[in-house]
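To start, the structure itself, in structure tokens.
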Amino acid sequence: MKRQNMQDERVLEQQRKVSSEVDGILMTVLLVSTLVQQFYLNAPFKQYAVEYICFLGISSYKLVRYITMGLDINSEGKRAKIMPLINSLVAGITVTVINGISNYTRYAEYYIEDGIGYFIAVLAVTFISATVFCFIVMSFINHLNKIKQDKIQKRLDKDEENQ
Numbered sequence: 000m001k002r003q004n005m006q007d008e009r010v011l012e013q014q015r016k017v018s019s020e021v022d023g024i025l026m027t028v029l030l031v032s033t034l035v036q037q038f039y040l041n042a043p044f045k046q047y048a049v050e051y052i053c054f055l056g057i058s059s060y061k062l063v064r065y066i067t068m069g070l071d072i073n074s075e076g077k078r079a080k081i082m083p084l085i086n087s088l089v090a091g092i093t094v095t096v097i098n099g100i101s102n103y104t105r106y107a108e109y110y111i112e113d114g115i116g117y118f119i120a121v122l123a124v125t126f127i128s129a130t131v132f133c134f135i136v137m138s139f140i141n142h143l144n145k146i147k148q149d150k151i152q153k154r155l156d157k158d159e160e161n162q
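If you read the sequence shown in numbering that gives the first Met the number 0, its first letter stands for residue 0, the second for the next number, and so on.
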């Protein structure tokens with residue numbers, strides 16, 4: 000009678016795929032909602048705090064679960080080594096664009112009065128800082144992930160030797 004509770008693997012795979020897609024959509028909506036409220040609507044933090052906390056909490060949970068389970072958070076092969084750099088550059092550009100738009104809309108009169116050079120200097124410092132910070136964080140996360148994967152691989156190798 001246990002066969003009634005068992006589901007086809009194809010059905011389970013499709014259900015997991017749909018859940019993963021919903022997760023991605025939800026994360027995107029939370030991020031966009033937070034950014035729109037913060038920068039476009041100039042809302043106080045308490046207005047979008049729930050979305051912000053949920054986004055960071057879910058992101059942190061997924062990252063910790065992936066690492067503790069030993070799942071690879073990056074692609075394998077040649078691209079795996081360069082992905083932290085590419086992701087850092089994309090994050091740096093994204094932070095710079097968002098910060099640039101926000102600063103220019105808030106302080107445009109100062110930039111016009113003092114010259115656009117200050118604005119470009121602020122953007123350059125923002126880009127460099129965000130890129131370096133993201134690279135350090137992503138490299139640390141990748142290092143933790145690699146340690147866990149090596150630990151699991153050693154355990155699997157040991158189990159194979161014992162059999």
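Cβ coordinates follow ideal geometry from the N, Cα and C atoms, glycine included.
According to DSSP, is residue i helix, strand or coil?
| i | result |
| --- | --- |
| Asn-73 | coil |
| Gln-162 | coil |
| Asp-149 | helix |
| Gly-114 | coil |
| Asp-7 | coil |
Considering residue i, what are the terminal residues of the alpha helix (DSSP H) in which it resides?
| i | result |
| --- | --- |
| Asn-167 | The question about residue 167 has no answer here: the residues shown for the chain are numbered 0 through 162. |
| Val-35 | That residue, Val-35, is in no alpha helix (DSSP H); it is neither H nor E in DSSP. |
Taking C-alpha atoms, which residue in the options lies nearest to residue i?
| i | options | result |
| --- | --- | --- |
| Thr-104 | Gln-37, Val-21, Thr-27 | Gln-37 |
| Met-82 | Cys-133, Leu-70, Gln-14 | Cys-133 |
| Val-89 | Met-137, Ile-24, Ile-66, Val-28 | Met-137 |
| Phe-118 | Ala-107, Leu-34, Gly-56 | Ala-107 |
| Asn-41 | Gly-114, Asn-102, Asp-149, Val-121 | Asn-102 |
| Gln-46 | Val-35, Val-21, Ile-135 | Val-35 |
| Val-131 | Pro-43, Tyr-39, Ile-92 | Ile-92 |
| Ile-127 | Tyr-109, Thr-95, Arg-9, Met-26 | Thr-95 |
| Tyr-60 | Met-26, Asp-158, Gln-14 | Met-26 |
Might you give, ordered along the chain, the residues of its own chain that have their beta carbon closer than 8 Å to the beta carbon of residue i, omitting 5 neighbours on each side?
| i | result |
| --- | --- |
| Asn-86 | Cys-133, Met-137 |
| Ile-66 | Ile-72, Ile-140, Leu-143, Asn-144, Lys-147 |
| Phe-54 | Met-26, Leu-29, Leu-30, Thr-33 |
| Ile-58 | The question names Ile, yet the displayed sequence has Ser at residue 58. Result list for Ser-58: Met-26, in chain order. |
Near residue i, what residues of its chain come up, given a Cβ to Cβ distance below 7 Å and the 5 sequence neighbours on each side ignored?
| i | result |
| --- | --- |
| Asn-98 | Thr-125 |
| Ile-151 | Gly-69 |
| Tyr-51 | Thr-33 |
| Val-121 | Asn-102 |
| Glu-8 | none |
Once the 5 residues before and after residue i are set aside, which same chain residues still bring their CB inside 6 Å of it?
| i | result |
| --- | --- |
| Ser-18 | none |
| Leu-155 | none |
| Asn-161 | none |
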